[in-house]
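Asks: Residues 1 to 74 in the working numbering are what the sequence shown spells out, letter by letter.
Where a beta carbon is used, it is the ideal one built from N, C-alpha and C, also for glycine.
The structure's right below; bear with me while I get my questions together.
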Amino acid sequence: MSINGLSVAQQRAALRRLVVIFGELNTIVELAEHGSPDLHEHAVVARDLLGTLVTEVARPGGDRSCTAGAALRR
Numbered sequence: 001m002s003i004n005g006l007s008v009a010q011q012r013a014a015l016r017r018l019v020v021i022f023g024e025l026n027t028i029v030e031l032a033e034h035g036s037p038d039l040h041e042h043a044v045v046a047r048d049l050l051g052t053l054v055t056e057v058a059r060p061g062g063d064r065s066c067t068a069g070a071a072l073r074r
């Protein structure tokens, strides 16, 4: 089965990216609890990763590689 024209491999790549984004959101919550100055940086990373993924999946006939920004460098 295809989701919005994504192959199974592309769906898996998108899911991996969603897991990374979810991890970033968890980090944001933890940082917010402690008033950390790193909060803004993690929020920007999560927003940008999610924005890129949504754009790739939503664009009909566009790049569906779901690989841009897949891994965070810490």
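(1) Check each candidate in T52, V54, R59 and F22 and name the one with the smallest Cα separation from H42.
(2) Straight-line CA distance for N26 to A14?
(3) Where do the N-terminal and C-terminal ends of the alpha helix (DSSP H) with H40 fall, by residue?
(4) When you compare only the Cα positions, how much space is there between L31 and V19?
Replies: A quick look at the data gives this:
(1) F22
(2) 18 Å
(3) L39 to A58
(4) 18 Å
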